[in-house]
Structures are given as structure tokens and as C-alpha cells.
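Everything on this sheet refers to the single structure shown next.
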Amino acid sequence: MAAAAAAAAVGGPQPPQAEMPAPGLALDKAATAAHLKAALSRPDNRAGAEELQALLERVLSAERPLAAAADGEEAAAAGGGGGPGAAEEEALEWCKCLLAGGGGYDEFCAAVRAYDPAALCGLVWTANFVAYRCRTCGISPCMSLCAECFHQGDHTGHDFNMFRSQAGGACDCGDSNVMRESGYTNQRKKTTENSFVGRDHKAYRNCINNCMLPLMFCKRHQIKSSSNIPCVPKDLLMMSEFVLPRFIFCLIQYLREGYNEPAADVPSEKDLNKVLQLLEPQISFLEDLTKMGGAMRSVLTQVLTNQQSYKDLTSGLGENAYARKSHEKYLIALKSSGLTYPEDKLVYGIQEPSAGTSTLAVQGFAGATGTLGQLDSSDEEDQDGSQGLGKRKRVKLSSNTKDQSIMDVLKHKSFLEELLFWTIKYEFPQKMVTFLLNMLPDQEYKVAFTKTFVQHYAFIMKTLKKSHESDTMSNRIVHISVQLFSNEELARQVTEECQLLDIMVTVLLYMMESCLIKSELQDEENSLHVVVNCGEALLKNNTYWPLVSDFINILSHQSVAKRFLEDHGLLVTWMNFVSFFQGMNLNKRELNEHVEFESQTYYAAFAAELEACAQPMWGLLSHCKVRETQEYTRNVVRYCLEALQDWFDAINFVDEPAPNQVTFHLPLHRYYAMFLSKAVKCQELDLDSVLPDQEMLMKLMIHPLQIQASLAEIHSNMWVRNGLQIKGQAMTYVQSHFCNSMIDPDIYLLQVCASRLDPDYFISSVFERFKVVDLLTMASQHQNTVLDAEHERSMLEGALTFLVILLSLRLHLGMSDDEILRAEMVAQLCMNDRTHSSLIHHIPENPNPKSGIIPGSYSFESVLSAVADFKAPVFEPGGSMQQGMYTPKAEVWDHEFDPVMVILRTVYRRDVQSAMDRYTAFLKQSGKFPGNPWPPYKKRTPLHPSYKGLMRLLHCKTLHIVLFTLLYKILMDHQNLSEHVLCMVLYLIELGLENSAEEESDEEASVGGPERCHDSWFPGSNLVSNMRHFINYVRVRVPETAPEVKRDSPASTSSDSLGSLQNSGTAQVFSLVAERRKKFQEIINRNSSEANQVVRPKTSNKWSAPGSAPQLTTAILEIKESILSLLIKLHHKLSGKQNSYYPPWLDDIEILIQPDIPKYSHGDGITAVERILLKAALQSRMNKRIIEEICRKVTPPVPPKKITAAEKKTLDKEERRQKARERQQKLLAEFASRQKSFMETAMDVDSPESDIPMEITTAEPQVSEAVYDCVICGQSGPSSEDRPTGLVVLLQASSVLGQCRDNIEPKKLPITEEEQIYPWDTCAAVHDVRLSLLQRYFKDSSCLLAVSIGWEGGVYVQTCGHTLHIDCHKSYMESLRNDQVLQGFSVDKGEFTCPLCRQFANSVLPCYPGSNVENNLWQRPSNKSIQDLIKEVEELQGRPGAFPSETNLSKEMESVMKDIKNTTQKKYRDYSKTPGSPDNDFLFMYSVARTNLELELIHRGGNLCSGGASTAGKRSCLNQLFHVLALHMRLYSIDSEYNPWRKLTQLLEEMNSQLGNEEQQPEVPILYHDVTSLLLIQILMMPQPLRKDHFTCIVKVLFTLLYTQGLVALSVKCNEDDRSAWKHTGALKKNTCDAEKSYEVLLSFVIRELSKGKLYHEEGTQECATISPIAWSPESTEKYLQDFCLHFLRITSLLQHHLFGEDLPSCQEEEEFSVLSSCLGLLPTFYQTEHPFISASCLDWPVPAFDIISQWCFEINSFTERHAEQGKALLIQESRWKLPHLLQLPENYNTIFQYYHRKTCSVCTKVPKDPAVCLVCGTFVCLKGLCCKQQSYCECVLHSQNCGAGTGIFLLINASVIIIIRGHRFCLWGSVYLDAHGEEDRDLRRGKPLYICKERYKVLEQQWISHTFDHINKRWGPHYNGL
């Protein structure tokens, strides 16, 4: 049978006959598969194999074109024929049957999995997957783990983080090449020993030695010993080996068939997606196979890499026409991709590389257009004719065809290779990528796949460049490559075998070649240099990123980087690649008009230099750390210098940079600088051996120096016409992510040049580049030919600051890594207190992850703890939250604050000021210096010997002339030079003194050389001796109008006692420019005999010497000063006193022995001058003597400066500005202090007894009427009927009360499936059940008087305490309506902010006009009996209430009542069975009063022990609210017949007849009534204002009812024995005199009465539920009764406090009952306090107690006759609700995240994109989820209405942030989870472990309970129901 079926199945080319009937199909498939398996198992299986091949050829035929399949899909949809994928599904079914060999497919899968030997996890994930990275365990920085492996491993104390994958990835658990193997602990050793007991000893040793059970791997992937896994049975996977090649070939045929090359060279995405969609089942099938484990992956590897089976199936040489056509399509696809099949060229690709040498050789710049031109046409996008010029410079590969094959030859020899080709062609479909990556745990496959990937690398680049979805494609490429290249062994193997480095560099070079343009730097016309065009999509979209990322990744492996650094050809090519970025994004200064379009290409330029140049550089540098690697550095430096020389030649650079141009991109300079630094610091190389000649050094320094000068120009607003983007470039250049690779190398290179060049030349160059040469004259006037006067001062500051940085900075000149880290950290902390993450962000990090110190490492944390103190997160008075901050320690300010480092690292100039302000504050606080200090001078780290030459700058005459000139100008007040200039001048002098030569030679003759003009100024070059040199006369060039012009020069120089040391000549005019030129000429002459041709013959007028201007004339100034004398005079000037300087050593000789005196460490300019003079005296005895002599002479006063009108105007302007600033500061300080005091009172932070702006309820007796201040018009007066005043109030619906539970412990947030929160034990649920039970058995109108509502959706009214006229308010609202400013509230909904305190509000509550004296009269006690008062109350309640006449006040009262009703939803105020019943309104109104009283009690902590006013009391406006409610409630009259007052105070005769009426529902028995509700009804039904004795009367009457309810509830809780005992005890005492005030007697009587009914009879099985476990002693009974009544007493006391203004007494918790009873007048005045307090003594029965109790019990008995169980349930009331709480959260946030981020939504059953959880009830919701939208409301908004009546508190799971919804607005509140450094991690970007901050959570809970979200949180926005 089976044989027949098989024969039928393979019976040649007649498919129709082979069709089988559908029912038997599955059976026949299984039978056929079993038959074939049996046939193939025989020794001679050829027949079986042929049979199987024939079957597969028929089943897996790809002849039906995919296009037809797609059409079939549409046809099927239209006409309902056989489905489109029917054939494909059939084929898959056949494959599954055949693989299983006739058995069940699921059983087959399970069997294969049992033989999985793989020790790797290998789980592949796509974008947005949450994974982990542990830096402690990872060898590669790319290592990542899936959540399951991470949590099953032990990472306690490790440096790990969670992250959301951007590109996708795979789990590395078990891969010892990527994860570090840790020690083998004894514990684990023991475990392993036990598992090997009784087994092979050798196997045990192998496991211990080879596997080392790594601590880091999870329990599942601790490396398995091969002995644990049995061998795979041969026949299990036999069928797979036969079937899978055919299946994969079928898939490839489909891919060939589906790909149609369109005309535009870009396949339409839609077509590709359609093909992939149809192939999804096949690819998914392959993916499922990979998940079967190692055994199946091994088979797949054999199939995918088997070259013979690929050749047999795909050659296209057979008779099958379809196969031939398929092969043709494949060749066409190759050709259209710019690739050729090797047979066409007789070249065999890169499969047989020659070992060792590189295949790349590079021609020089003059090379002809090489083979690079042969890219596909789409790459040849020549912009214009000038592009041809660039082509000449293009790098040319050697003509050897093998090199070209890298780019355009591809030969596929296996299924894997062609499969990858199509994967690339289809732009990396996710399913294919996942399948290819799922195979990686198989080592053989991994090697083969990596080689294949490298083989296709050039093709990947070409496809990426053409792709429209380059972002997605980039992510998918990196998803693959990071798995391959992170493994060092594999990277080394493919580097050796497949020329990986050659391929990568070539591909990068080709890629960048497509976007080159001619460089315009320097010589625009004749430049031969080409640079990348930053405007091209390739750079703008970072398309190059995946290839650069791979290159950086492989360079992180030492073995690969070593090959790179040894290969000269590769280095040459790489330097050529880097030169493409040299000078890119050139900026030209706009001099006339503002630039029209601000180009943003600078982002692309900075990113490109950092990623494509700097990061590979850091990767290479990380391998040049030891002496043995010197040769590598020499190689790089050599080729770098060659490339630089070529660059200078290409741009025709000689010695002058072109004016008004700057580029921030000099990667070749930076490569050179960083390798020099590494050579000296780590490799002990002699610096001079790697430096070029002087001429090259001069050229090298020019462009970095130009950048420094341009920075100063940009900050001086000289580039303002270029737009904001130029400032953006200046800021990015110094920004923390870039500075390490940009400004630091530039400054280091300048330091190297300065240390080797002539110092006079260097200093001259600096001032010339900064364009301030003309300013450096002794004359009072000058003309600057290159700079506007307004920019001169800031440019001079820039030049001096640059020199200070250049001479002070030691980052690359001798500081260790730890010292650098410390200096960086101190600089950042001095600018501002910083969070830990902000510090990590701001401290420059080596871009290469494998380099040196990384933030978060041990070094980082230890340095941080040494320099900073941690400030824990705090709360400000307004409620806003601070993060945990680090602040500098006092000793850091004292010794380590370095202004130079701060200036270098500030992106914003304001940060420098901030650092100085903080420094000033520290000095004042510590009492070290009271005034405004100058930046302190900090001693520097010793220079590395190689750079000692740098200090020659400080000892050159040019600098000394500049310093002398500037000191003189400052002293004489020329050009209004700033304090900053003086500060920098003194800093440079001090640096010079600190770094002076050991031996001072007093007489330094110029040895040899030509006479220079600066020789006439100073005799030598040592600053110490030059400081004392007196200059008598100076010849200057000045405008003819200048006051210095003299016609006759002095005959001789005068001399005095100091003359012996003076130069008798006249100092000459000194031209910095001329000096620099002369020096340059000398050097060139020395270097080259042909130099004369090099120097430009003409000099641009722009840079001419000042002497050449015709309007200038020469004058001779009499100076007669030395630097020392100028300093002493400056001291006098700064101190404002004559002869203020007195040499300190004259009084204390010790000062010369111990010069480091703390008093000189901190101070202002005076201190700095004193410190310098002391150092000068220390350095030289001669200086000491001269200082003394100068001080002895009486200094003539400094001549007053003649101020011109223009200067006066400027000075006045400055003065006015300064005064205005001071006034502003004063006002701001005053405002801040007022605001603070207001916040303390109004925001409930400080003393509760502090006054509020307007105390409404209390008033002094002498004031006849309450007076209110209107905060809008400012008028004061009483509220009147015509012009009422109102309180600014906020009305909000609240469900806080409903969340009270009877359990003290808050509920926990569920974090497992087993944990659930059920709402039936909440206060709201209990009250709902009670009301529905009452409505079921009793009359509806009666039920609505027996309870309160508002537990959910109750209206809470609060005020800020400010009042305004209602008409003023209306005008204010109108003005807000017309205001166009975007507000955080809706004026149309009546929302506004209080005009005075800006607190949020939405209504105005009218103040009832009333006389306070009259009010006091009502409070006086009367001596009437309780019976008289009861009658009065009844009469007053019976009078019908009428609404006052139509006045403004009555209208507003009506209006506010509408507002109150509209505040909450209809469902929360409509409880009647008949909708619209007036009973609803009645119930709602007294419940509003109840809600406000209950909430105030909660705000006071649930009791009144503290007494007095409270923060809640301040916000309360109950007095005014009562007036409004009473006014409206009096409009409803309760029929006297139904008024509960009668049942409470009278014995009713007709009781029996009333209850006997069966037809209608009875009224609610009085014992089922809620007593607090009755209190509010009784009081609000009384005319206002209420008399105090009436109030007390009502309270006394209600207390009797309450007490009786307590007795009844107690009797129900007791068991039968207790009841009998009570009954008997009480009966004995019934006839005593105070029987009515004895709870025993009353309880006995209640039990006797209720025993008449069925209440106690039907306990049965329910008894145990109601019985309390307490043994009822007299004490416990008394406590129960007090607890039962206490809540009522608290509410009543609060009400009394608000109505009558009486203070609440404070007391201990145990005496609260007695104190409140006394306060309410329940206790008789003669009550003796020494007896133990008995609650029954408060009873004052209006009628005989036993009669009224009997009457009340009769009602209960009547009801329990029929409904005993319900009757009992209604009697047990829970009056002891605990305070409401939010859910308790777990300690660690990860617990919440792991449970909720994958949890499915119960509504839509999907995993939400933005899951959230309600912190009030624990409900899981979809934030912004359209899936769960109902009636246009998204789920969070809907839940906030249902759970919190419009207030929702949600924790966003994926962001760790809390979001508050309040009505139609929302705000981000912040996070209650902080990391170990007290910081939030919003959106979990850092992924560090987060822990609950209990203080923050308490604040959140407090804001929820106190309803202050609206006031405290300021950033609200509308949510439009979309959350």
C-alpha cells in the first residue's frame, strides 16, 4: 500500500493522476513518508533516494510564479476559489511529514530537542526588546543577555544596566568569547563533584579544567559537558538531510522569481514586501527548525554550506527549463547589482588570498583616474565641472584585478552564500535576519556565515547607499555584524583568511568617494584637495554608520588592530580616507548681510569626524600602551605627516591662513597629536624623534591656532551674520562628547609646537591671529586695521585666556589618568552641583569603550567620593522634588578649584560665572574672604621633561613687552581694559615666576644673531630679571591728533639711584607682525635653499605693520617704569590708597622662608599683586631690594584720566546698567523672600499656627461685620446682597474617602498572577452594598435620608483664603478669555488662577453677609431644658424655607450650587430609583457637607488630638459652604410625619398600625440610620445662623441613638453565652437610680428586646463569622462602645469648630473621647473626672430610655421576622475606617517592570505599547491605547473617572514615571523610584537598578489625600481624552 502510494506520488510528469482524495491525504502522506524512510534506511538506498527526489521535485516545485500567486490571492478574495497559498501550505505539510518520517511532527520536534548539545542561549531579538548588559561579565562591550538568562545568573554587585534594543541583538549567555569566565568557587566545585559521583574520573577533570562553570552564565547555559548529551540516533535526522536541501533551493527559486529589477534601479518596496509576505510561512518554518536545538542546527549547517548539493541543484545546466530560467534571473540580478560572475572575468574572487601582505597600494596625488571610476552609474554623481579636479586626487587601487574584485566580483558556492545575497537584495527582511542569526550557536555555521558576510561586504555597502529605508537597513546590518565581529578569535580568523581589513577600508573609501567635492579652504581657485560634502544624504543621514561601527568593533581586538598597524599599505589608504574629512564644512565669515539660509550640515560634519575618524583612532590608540608597540606609533606618525604634507601642498598653503575662514575639522592634525601624546606618555618614545622640521611645525600650528582665534571671534559676536549655527559649532567643538577628540588634541599640538618653535615667533603669531596687534601700544590712541573697536577688548581677553590655557593645561603633558579624571570632575562640580548621570555625561569619555577609565568604574566612584559630598534628594517648600546631587567638598574649593579647566570645559559662558559665584559664596561662608574674589591661582602638575620647552614662552621678550604694555595701559586707564585682562596678565606673570630658570643671570647679552627691536626693551629673556628693568622712554606710532605727539625729543635719558640697572636707550617701536615674518624667513632659509620661492613676495594690506599707515606719526613717551613699579602702583590703584603696599617681609622675615601662606591663596586683585611681588622677591635678592626702594619713594598720585565725551557716555551707560542690575537683584531678592514666606504659610509646609492672609471664621468681637479684601480691586468692605464678595475656591470630585479600608496595612501592588486586589473591602464598596440592601427592602425616599453618599465622586471644596468681589471676578474671567497666551487651564470651564497667589481655582463661593457680634449672641448658652429645645428645633424645622428675593447674592448662591453639582458625574449624585427625584438633590447636598468634614478629618490624621488649626483648616471654607447648602436644603421640606426627629424624641402610638401595612414598603428603622447623616440633615434644615444650644440639643439626642446602635451591634457580635450573661447582669441593676446611664443595664435591655424577634435565632453556621474573638470584659466592652461613637464625636466637633469658631482642644489619644464629649456639651458640668471614664455618662435621654429603645427595637424585630440575615448585616456598621493609602510598592523597580511590561491587557488581550498601572486600585491599563478606547475616551482617562472621579495616579511601566490625570488635564509628576545615586531614570534610558524612595511616595500620597495636585504641580496640559 505504502509503496503504491509512493509510486503514485512520484509517477512522472502526470500530476493530475497523482491527486488523492482529501480525507485520506494526511494518512497517505504519513504512509509515504514512513515508506521512504524505511527505503532510505536500507544499505542500498539509491532507489529510495531517487523516489524521494522525484516526490520533492513535484511537491516543492517553484514553477508557479509568485506574481501569479499574488494574483491568485486577489482572485480568491473576489471569487472564493482555492486559496492562494494552498500549494505552499501543501508543500509545507509534505515537508513536515517527511522530516518526521511518518510519525507525528510535534513528537519529532520534541525528540530532536532532547539531543540539543548547545551551551549557548542565542535567543535573537528585534528592536524594542528589553535586554541587559553587564560590564563586569562582558569581554566585549557589545555583550548582551536576554532577561531570562540575566535573572538566572548571579550579577549581584555588578555594573549592569537594562536597555531597550534599538537594532535588535542576540543573547550571549554561554559564549565564553564574549562573556568573561569567572573563578570556580568551592560551592560550585562541590556541586560538580556530586554530579560526577560514580562516573568517569577523566570526564570530571575535563569539566573542571575546560569548562570552569562560569559564575556569569545563567543556570541554563553553564557550559554543558559533551558527555552529558547522548549521540543523535542516525535515523532521527536522516530524512532532514535529504529534504532540507530541496526545500532551501525552492525558497531561493522563489526569491529569484520574485525579484524584478525595475528601470529605476530601486525595486519598489511594495513588490518586495508582497514577495516576502508570501514567503513568510517557509521562512518561519526554517526559523522553527533552528529552535529545535543544536542537532537540527548542525544538519542545517551541513545543508547550507554543502557546495556539491548547491552546484547540483542550481547550476541551471539540466533539461528543466524552469531551472534554467531561474539561473538566468539570478545572473541578471547579479549584473544589475554592479557585480559580475567570476567566470566572465576568469578571476576567482577573494577565495585564494596571498598570505601576509596587503592587497592595497596607493598612488600619489598626481595619479590618473584609477579603476575606482568603475562604480555603478548611480554612484557617479558629478555635481559640476570642478568635480573633475577632485577626481585627480582620488585614491587609486592597484591595477591588479584581484583588488577590484573586492568591489564587483561575487561567486556563490553554497546555499548560504546565495541566501545572504538575496537577504541583502531584499534589504534585510526581519524574518530572514532572525533565521540567519538563530543559526549562530552552531560554531561551524558561525565561521562560514562570517566569511560569507565579509565576501558580500561591498555589495552590502552598495545596497545600503541606494536604499530608501537606510535607517532600518543599517539597524539590521549591525544586528548581524555585531554578533560576528565582537568575537576576537573569529575576527582574527576572517582577517587572516578573507582580508577583512582590506575589504572594510576599501569599501569605506569607495563609499565616501561618491560624495566628494572640491575644498575651498585657503586657495579656492587652485586647490587640489577634495573633501566630503556634508550636505549629501550619505553624511546627513549617517548612512556610513553600520560600516564604521563594524570597523571600530574589529579594531577593538588587539590581534586585528596589530595587523592594521603593521600594514603600511592599509595605513596609507586609511590616512587618505581621513584626509577626505580634513577641512570639511568650511565656514566663511559674512561681512555684509546676514546669511539667508542657515545650513545645519555641521551636525553631520561633527558626527562624521567623531564616528569615522576619531573612534577608529581611539580604538588603535588603546593598543599602543606599552613600549613594545613603539613601531606602530612610528608608522602612524610617519604616514600621518606624509598625508599632512600632501594636504598643505594640495591647498597651496605657505604661512598665512586665508582671512575670514575657519574649519573645525582637522582629523589628520588630531591623529598626529594623539599618537604623539601616546608615544611620550606610554611608550617612552623620544618626542624629537617623531617631530618634523621647524617649517612643518610652523605650518602645523596655524590651523589649530586659527580655530582658537575663531572661537574668540564667535564669542565676540564677529560671526553674528553667519547665524546661530556658527555658535552651535563653537559649542559642539568643546562639548563633552567631542572635546577629547577635538579641542584637547588641538591644544596639545599647539603646546608641542610652542615647545619646539621660537617663543617670540609663537607669541607674535598668537596676537596676530587674534587680531589685537594694534591694541598692544603704549599710546592712548591707536588704529586697528583689522578689528572694530567694539570687538577689541573681548578679542584681547580671548588671546590672553588662550595663552593661559596653553601654558597651564597639563592633560597630555604629564597628568595621570586619575589626575585627569579628578580635574575634569572638579571642574564640572564647581560649575554646578551635578547628579551622577549628569557627571558621567559631562566628563569627557574616551570614545572607545575599551579604553582607560570609564565613568561608573571603580576609579570614577573613588574619585567622586574623594572630591564631592552627596546631597540626598530633598523637597522644596512648593513640593517640587530635587534629585540626589553631588557638591564639591570644602577642601576642593580651597585647593583644587581651577578656573582654567572650567573655562576650557564650559559650553556656555554663564557656567564660568556660575563657578565664580559658587566660589565666592564658599569663601564668604567659610570666612576666608569677604569681598569679590578673583579666580585663584592653582599650582600645576610638573611638566613631562619632553615638554619643558613650553615654558620658554613665559621667558621671551615679546611676551614681556606685551605684559608691560598692558600693565601700563591698565594703570593709565587706556581703552577701558577689563578686569579680566588684568587678571590674565597677572596670571601669566605668576606662571612665569613659578616656572623660572634655576640660575638667574643678571646680565644677558644677546649672543650673535641680528639686532632685533625688542632687544631695546629688555636686556635678557628671564622674566625674573626683566621685571625689575626700568624702561624710560618708548617710541610709539600714534595718530597725529593724539596728545602724545611731541615735536622735540629729550636730549638724554635722566637717571636716578636706580639708573645703574637701566638701559639708557629708548625702546623702539615694536611690530609683532614684522618680527614674526622675519623669524619665519630665517627658519625657512635655514631649512631650504629654495625657500625664497616659497615665501610670498607681497604682504596683504590687511596684515600690514601699523607703521605703514600714512596718518600715523612717531612720538616718544616718557615711561620710567618697570614691571615691578607698575605692579606696586596697581596695588595702590586697586586699593584706592596711596602707598598701600608695604613689603610683608620687613615685618616678618619668616614669610620668605615659608611663602605658602593661606591668606594669599584666595583674594582679589590686591591679593594677586601681593602674591606676585612676594614671589618676585623670593626669586631674586635684587628684586627684593628694588621693591623696597620703590615703596620708600613717595609715589606721586596717578594723574586723573581725561575722559572724552564719547568715553564718558560709555561709562555712564555702563554705570547705569550696573545700577539697574543691582536694583533688579535687590527686587528679585525681596520678591523671593516674600514668595518664600507665602509658600510657607499657603503651601502647608511649616508651622500650622502661622496666619493665613484672610481668616474667615474668626473675628474679634468689637468688629460689627466681617470685612473682606478684594484681591483684584484692592478695596475692603463687607459682603452685601448687592455686591457680594466671594472666596476663591477649587471644586473637585474626589473618591479618596472611598479608598479607606478597615486594615491599617496598605494593599500591595500585585506583582504575580496569584496576587489580586479585590475592591469589596473599601469604604465605598461597603456603603454601596448597604444602600442597595436598604433600597431593596425599604421605601426609597426613606433610604435616601438614612445614608450619605460622596464616598466616590464626592465634591471637595477648598480655598486659598483670598476673597474678591464677584463682579471683579467676572471682569477678570473676561480678560482671561481674551488673553491669547497659552494657559494650562480652560477658562471656558470656569477655571482660573487666584490673581494674588496664582493657585488654581474654578469657582467663587459667596460670603454670606452677617454680623459677627450677632453670631456671638447666638452662641451664648441658655438655661432652657432639653425638652423645650427639642420642641423649638421641631418647630424651626417645620417652617417652610423660601429662597431669598432676586439679589446678586442669591443668584451667585444658585450659580455656585450648579457648579458644585456639575463638578461630579451624574452617576455619583443620582441614587434614587426614580431618576430626577428631589430626594437625590437633598441627599447630594448634605453629603457634600459630609464629604468635606470627613476629608478634613483625614487631613488632620484621622483624629483631633492635635487640636487647633491645621493645614486642612486653612484650606477649609465650610462656614460659607454651609450657608449655601442650608439655603438650598431649606427649599425641601421633610414631611413632619417622616421626619426622623420625631422618632428620636417622641414615643409614637401608631407604631403597630404603621408597620402592619404590608402593601407598601416600610420606612427604614431608625437604628439603621447613619447618625452623622442625621446630624447634617437636622442642622441644615434649621434656619441659619444656628443657635449653639439648638446645636447641642441635636447632638445630645443623636448621641442616644448612636449609643443604642453601638449596643445593638455589640449584642450581635456576642455569642449566645455572652448575651445571656449580659442579660442577667443588667437585669439586676435595672432599678438603680442611674440605670439609664449604665451600659450594662441598657445592653441587657437591648438584648431582651431584640430576643423577642428572630435576630439572634438564625445564627447557625454564620455565627463564627460575626463573633469577635475578644472575650468581652467590662473594659473591652467600654472600649468598643467608645470606638463606635468616637468618629461621630470627631465629625461633630469639627462642625462645631467651623460653625461657631470654637477652638479644638488638644489632648492625648486615650482621652480624646472624654475631651470631645466635654467640648460638645455631652458631659454634665459636675462630672467627676477622677472616676474611670464611662461613655454612658454622656447620655441625656429626651424621653425614658427603656421606652424609646423598646420602640426602636420593635422596628428591627418587625423587619427580622422576614429577613433575619439582612437585618443582622445592616446592624453591624464599620465605623473604624483607617486612613486611605496608595498601594504599597515593592523595593526594587525591576520586580514591577518584569511582571508588567510583558503583561497582556485584559480588555484587548494584547501587550500594550505603553503599559500603566493605577496606584490607587492596581488596575492594569493601556496608556494612549486605541485598542481599549470607549466612546472616544482612552483607557487611562476612563479609569481615572471610574476609580478616582476624574483623578488618576498611574505608574508608566516603561518610563518609571508617575502621571497624574485631573479632569481634562494631566501632568508628569516625576518618579518615586530612584537609582543608587538618588536620581530618576525617566524612560529607563540608563537602565540602572531603581529603588523605591519612600519619602517621595509619601509626598505623592499626601498630595493625593490633601487634593493639592493642582496647586503643587505646575506643568499641566490638556489630554484631549487621549491617554
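Residue numbers (numbering that gives the first Met the number 0): 0 to 1922. Note that the Cβ used here is the ideal one computed from N, Cα and C, for glycine as well.
Burial state of residue i (16 or more Cβ within 10 Å)
i	result
Ile1771	exposed
Gly168	buried
Trp617	buried
Gly1437	exposed
Glu1169	buried
Ala920	exposed
Trp1915	buried
Trp1903	buried
Three-state secondary structure assigned by DSSP to residue i
i	result
Pro1038	strand
Thr1446	coil
Gly293	helix
Ile1271	coil
Leu374	Below a pLDDT of 50, predicted positions are generally treated as unreliable, and Leu374, at 37, falls in that range; the measurement from the model is reported next regardless. Residue state, collapsed to three classes: coil.
Thr494	helix
Cys1813	strand
Gly137	strand
Arg626	helix
Tyr1317	coil
Gln660	strand
Asp549	helix
Asn783	coil
CB of residue i within 8 Å of CB of residue j, strictly
i	j	result
Ile1165	Leu1133	yes
Val504	Trp573	yes
Ser970	Val980	In the sequence as presented, Ser is not what sits at residue 970; that position holds Leu. No. Outside cutoff.
Thr1490	Gly1276	no
Asp407	Thr339	yes
Ala490	Val559	yes
The region 1337-1350 in contact with the region 1495-1506 per 3-pair CB rule at 8 Å: no
The region 1286-1297 / the region 1354-1368 touching (three or more Cβ pairs under 8 Å): yes
The region 721-736 / the region 669-689 touching (three or more Cβ pairs under 8 Å): no
The region 656-672 touching the region 572-587, judged by at least three CB pairs closer than 8 Å: yes
Three-pair Cβ contact test at 8 Å for the region 108-127 versus the region 1780-1789: no
Contact the region 1604-1617 vs the region 1678-1694: 3+ CB pairs below 8 Å: yes
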